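Take a look at the structure below.
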Amino acid sequence: MRLYVSFLIAGLVALAVVLLGLWWAPFVIGLVFGAQERRGRVAVPAGAAIGLVSWLVPLAVAHERYGLGPTAQSLAAIMGFGHEGAIPVVLTLLVGTLLGLTGAWLASAGRALIPAPR
Amino acid sequence: MLYAAFLPAGPLPALGPAFNPTTGAWTMAADAQVTDRMLHLVGLQQPVSVTLEANGTAHIAAQTDHDLFLATGYVHARFRLFQMDLMRRQGEGRLSEVFGKAALDTDRFELRLGLLRTAQVEWGQLPAGDPTRDALLAYAQGVNDRIAEAESIHQLGAMFTLVGYQPKPWTPIDTLVIKGDMTQTLSFDDTPILVALINKSLGADLTSEWFPVLPPNRQSPYDPGPYPKAAIAPIQTMRTVTDAEAQSAEAAYQAIASLPAGLLRTEGASNNWAVAPSKSASGGALLAGDPHLDLTLPSIWFQLSQDSPGFHVAGVSIPGTPGVLLGHNQHIAWSLTDAMNQQTFFYAEKEDKAHPNQYFWNGAWQTYRSVSYDIPVAGAATEHLIVTLSVHGPVISDRGVTTSLWWGGNLPSQDLTVLMHINQASSWQEFRDALRGWHSPTHNFVYADDRGNIGLISAGYFPQVAKGQPWLPLPGTGESDVTGTIPFDYIPQVYDPASGILWSANQWQVTPAYPYYLGTANFYDPGYRANEIHRVLSGPGKLSAADMMSLQTDTRDFLASEIVPVLLQSLSTEKLSPTESAARDLLAGWDYRMDTSSAAASVWWTFWQSYISETFDPWWKSRSVKVKRQDVERMLGQDLETWTLTDPANRAFSAPGVGSRGAADAQRTAFHRAIAGLGKTLGSNPRSWTWGRIHTRELTNLALITSLNYGPRAERGDGNTPLAAGGAISTSGPSWRMVVDWGSATFQGVYPGGQSENPASSWYVNRVDTWWDGRLDPMLSAAQAASARGAVSWSLAP
């Protein structure tokens, strides 16, 4: 139960900070979450989920308000992918996901380096 | 992963900020939405209303002139900030700062040329309280208000986010630099360098014949004279170019050739004309104008109307500048074309090892001045550039002989002051008086007013040198300096002609009897568009606004109408294959219109290219000419036209290695080759060789993102037709079309593209179809726009 609450709080905090424009929030929150959660196999996927959600929700809100189709196509064109609008969407969510994942993984890896108390 | 998220890598931006869903590139979706708004702008004195039509045209109504220009700056920046930033960076030599080493050549060139230095001088010449100075300051404030707003709501254009930089505050000098960009595009010309190189290869004799001072063909000057008497200097024959001059010219030619397209004038192509009430179906004066420029997305133009106590004007403006350049007010309408006269002169400086860093001028050794610039380069060390200046201007080559450059665009010119006076003029007298201060670039300004008067005047500097051959690099020792310009009252101009028509399309404005030097024939357009426009306007019957629109999209090739009958005659005794016979029959039944469905158009165009190649390529090859033939093709085509019609035995047809022959022989060979080439690429049936299969048009994205281009799409017209569409893939042409009918008080216009630079906006390319079809949109007044369907209203408050 405590894990779920921690995950929920971490996700909400990451989302709130991203909404303020601080894109790197999933990394920091992932870092904190990974430092708190001793099981790496839990912390890393959770960090990834925190990153995904905190970048997905603002994107979904923007889509609801403005419609992101022409923007996605334009970004794809700028990036050299023709008008394949799905590519920038996937890339964006991937960046968010990997930010959270990297933070959690880094913290987990750091924890592993610290010897457990006897 | 963290590196890619936090830091840029080569051309890639840092992924984190770039794709940040709340402040990154995705905000272009919010930026694309334009809704009713109420906002506060720093610096406003009174409330201002802005109405945006459903197609994006902006109507700005202010209670003070200051607020009008401030709001114009805000509106421009709201829709075109990245374009404006690119344009100022180009002129100020600051592209490398954001685009890296790839832009260094352009930056070096611009800093040498001196747009920034000129803009700084122009700004310094404006005293406190000067209306232009106040307008520039207000405009800059408006742009900076938008920059501050965009930064605060994270809606800077996506390109800023993706390239990874923030725009610096706007200054009046930036506006003056953008004015300089346009001057450069329209008047900087490297013809003397090309002619020097050709002279060195072909010899003075042939060069003199092929690159004459006066146009060899029949043209339609709008000012037929008589001209006031003046001292006439004899036309001098071409002198021989020295080795050192040729070396220097080659270095300069290579440097200029490496620049991106659009930085200097390559060929002229703009139309304008006016019709007096005596020839007008509506009983009022008619005016039409379509300046031809590189067609970009976003366009160089932004359409708006401006209303304030001092201004009631509508038309198109250049983002980055505060006024309407082409348009109308309550009493007059105007448009312009490039006058094409020589405004660039090259000087070979005399130097001596005993006098290092000096040049000999006016009987004494002078020390070169120098100016230093630091060019920040993204991803590399800052480059230090020293620009050397003689009395003539910047040194552009020091190989062989040091060559400096005199360019009319480097003379301070308060064109914005002139423009504001034009915007406020209500008669020909006021319009003409305003143009006394217009210096560069020299333009053919066409005029029509609500009282039925029409006029055309080629306003600007027409530089005159004391002696020498200005079509080649001149000696820099003083005797060949530019000593002045043609006096304003003697420049080409006509007011209310008896014929009731006036027209310009970059052709010679005057007849050979004109007593002043304008430039050589290859500075000017060959005149086919002007001839066609004159042919249509001088026909019987009255003309309407619809006729003006039709003429703007006229696809009749005047050159073809002259040459095809001669070609058919040359082919009459020639044995032709069935395919060639079919192609000849197409030409025989052709109306000379370059329509996309016309197969004859393809045969004609391919033949003409082949005919030029057949005539000149052997010369180019045997004499190892270092200038690309294509760079002087307009002049060579003019020669070929003249010889074909009046001198078919000209020695040019008998190039080294091809033996003795005449025009008809060259035509037959060219025709065989053209048909063989078309058969190879388009199949064996000539009827299927439609023009639209080999001729397209493309609107190119300003940031060179090809996926954001429009087209290529099959297009009618060619480089000789009033609907200008030169080349196989045309990327330049009518950048704005306007038709004014004072009889019915109707104003119409359209440009290809849209008001917004944001590719996600519905205003990115929304005007293209209307433009492509040759239709125009009504230019509404602010009141009409406010009640039009789909209009959006902004209230700007102090």
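Protein chains in written order, with this note's numbering: chain A, 41 to 158; chain B, 6 to 803. Backbone N, C-alpha and C fix where the C-beta goes; we use that ideal spot for every residue, glycine too. Predicted model only: the values in this text are computed from it and were never measured.
With DSSP as the reference, label residue i as helix, strand or coil.
i, result
"lysine 626 of chain B", "helix"
"threonine 751 of chain B", "strand"
"alanine 796 of chain B", "coil"
"valine 663 of chain B", "coil"
"proline 18 of chain B", "coil"
"asparagine 725 of chain B", "coil"
"isoleucine 240 of chain B", "Because isoleucine 240 of chain B carries a pLDDT of 38, less than 50, the predicted location of this residue cannot be relied on, and no value is offered for it."
"aspartate 5 of chain B", "Because chain B here runs from 6 to 803, residue 5 of chain B falls outside it and cannot be looked at."
"glutamine 474 of chain B", "coil"
"phenylalanine 621 of chain B", "helix"
"methionine 89 of chain B", "helix"
"valine 72 of chain A", "helix"
"arginine 404 of chain B", "coil"
"asparagine 415 of chain B", "helix"
"threonine 578 of chain B", "coil"
"arginine 598 of chain B", "strand"
"phenylalanine 612 of chain B", "helix"
"threonine 387 of chain B", "strand"
"threonine 701 of chain B", "strand"
By Cβ distance, which residues of its chain are closer than 6 Å to residue i, with the 5 residues on each side in sequence left out?
i, result
"proline 220 of chain B", "Trp513 and Ala526"
"threonine 245 of chain B", "Ala209"
"alanine 147 of chain A", "Leu71, Gly74 and Ala75"
"leucine 713 of chain B", "Asn706 and Pro764"
"proline 226 of chain B", "Trp513, Gln514, Val515 and Thr516"
"phenylalanine 24 of chain B", "none"
"proline 661 of chain B", "Ser627"
"alanine 256 of chain B", "Ser402 and Arg404"
"tryptophan 215 of chain B", "Asp644"
"leucine 153 of chain A", "none"
Within a Cβ cutoff of 7 Å, which residues of the same chain sit near residue i, ignoring the five residues on either side of it in sequence?
i, result
"alanine 383 of chain B", "Ser101, Glu102, Val103, Phe104 and Gly105"
"leucine 581 of chain B", "Arg589"
"threonine 611 of chain B", "Ala679, Gly682 and Leu683"
"aspartate 782 of chain B", "Asn60, Gln753, Gly754, Val755 and Thr775"
"phenylalanine 121 of chain A", "Ile127"
Could you work out which residues of chain B lie near residue i, taking near to mean beta carbons separated by less than 9 Å?
i, result
"glycine 122 of chain A", "Ser712"
"alanine 102 of chain A", "Pro26, Thr27, Trp31, Thr32, Ala34 and Ala35"
"isoleucine 127 of chain A", "Within chain B, no residue comes near isoleucine 127 of chain A; the closest Cβ sits about 11 Å away, beyond 9 Å."
"leucine 98 of chain A", "A small fix is needed here, since residue 98 of chain A is proline in this sequence, not leucine. Per Cβ cutoff of 9 Å: Asn25, Pro26, Thr27 and Trp31."
"leucine 71 of chain A", "Those do not exist, as leucine 71 of chain A stays about 11 Å from chain B at its closest Cβ, beyond 9 Å."
"leucine 139 of chain A", "Met6, Leu7, Ala10 and Gly21"
"leucine 131 of chain A", "Leu20 and Phe24"
"valine 58 of chain A", "Asn25, Pro26 and Thr27"
On the DSSP bridge assignment, give the partners of residue i in chain order.
i, result
"tryptophan 339 of chain B", "B:Gly332 and B:Tyr452"
"proline 497 of chain B", "DSSP output for proline 497 of chain B lists no bridge partner at all."
"proline 783 of chain B", "B:Gln753"
"alanine 802 of chain B", "B:His45"
"glycine 738 of chain B", "B:Leu298"
"serine 375 of chain B", "B:Thr393"
"serine 409 of chain B", "B:Tyr352 and B:Val400"
"threonine 560 of chain B", "Per DSSP, none; premise fails for threonine 560 of chain B."
"methionine 743 of chain B", "B:Gly294 and B:Gly754"
Cβ closer than 7 Å: which chain B residues qualify as neighbours of residue i?
i, result
"leucine 55 of chain A", "Under the 7 Å cutoff, chain B gives no residues; its nearest Cβ is about 10 Å from leucine 55 of chain A."
"valine 135 of chain A", "Ala10, Leu20, Gly21 and Phe24"
Name the chain A residues whose beta carbon is nearer than 9 Å to that of residue i?
i, result
"alanine 606 of chain B", "Ordered by position in chain A, no residue passes the 9 Å Cβ test against alanine 606 of chain B, which lies about 32 Å from the chain."
So which residues on chain A does residue i lean against when the C-beta distance must stay under 7 Å?
i, result
"histidine 159 of chain B", "Gly61"
"leucine 825 of chain B", "With chain B covering only 6 through 803, there is no way to say anything about residue 825 of chain B."
Given that residue i touches chain A, what residues does it touch there, using C-beta distances under 8 Å?
i, result
"alanine 765 of chain B", "Pro110, Thr111, Gln113 and Ser114"
Note down, in chain order, every chain E residue with its Cβ under 7 Å from the Cβ of residue i.
i, result
"glutamine 38 of chain B", "Protein chains in the displayed structure are A and B, and chain E is not among them."
List the residues of chain B whose Cβ lies closer than 8 Å to the Cβ of residue i, in chain order.
i, result
"valine 68 of chain A", "Near valine 68 of chain A there are no residues of chain B at all, since even the closest Cβ is about 12 Å away, more than 8 Å."
Taking the runs of the beta strand (DSSP E) that are 3 residues or longer, which of them lie wholly in the stretch 428-470 of chain B? Assignment of beta strand (DSSP E) within the stretch 428-470 of chain B, counting only whole runs of 3 or more residues, yields 448-454, 459-464 and 468-470 in chain order.
Every unbroken alpha helix (DSSP H) within the stretch 10-71 of chain B, with a cutoff of 4 residues, ordered by chain: Scanning the stretch 10-71 of chain B from its first residue to its last, the whole alpha helix (DSSP H) runs of 4-plus residues come out as 20-24 and 33-36.
Hey, which unbroken runs of the beta strand (DSSP E) at 3 residues or more fall wholly within the stretch 268-334 of chain B? The stretch 268-334 of chain B contains these whole beta strand (DSSP E) runs: 275-280, 291-299, 307-312, 317-322 and 331-334.
Could you give the uninterrupted runs of the alpha helix (DSSP H) lying entirely in the stretch 105-164 of chain B, keeping only those of 4 residues or more? As far as the stretch 105-164 of chain B is concerned, its whole alpha helix (DSSP H) runs of at least 4 residues are 109-118, 120-130 and 136-157.
Entirely within the stretch 485-558 of chain B and at least 3 residues each: give me those beta strand (DSSP E) ranges in chain order. Taking only runs of at least 3 residues, the beta strand (DSSP E) segments lying wholly in the stretch 485-558 of chain B are 487-490, 498-500 and 506-509.
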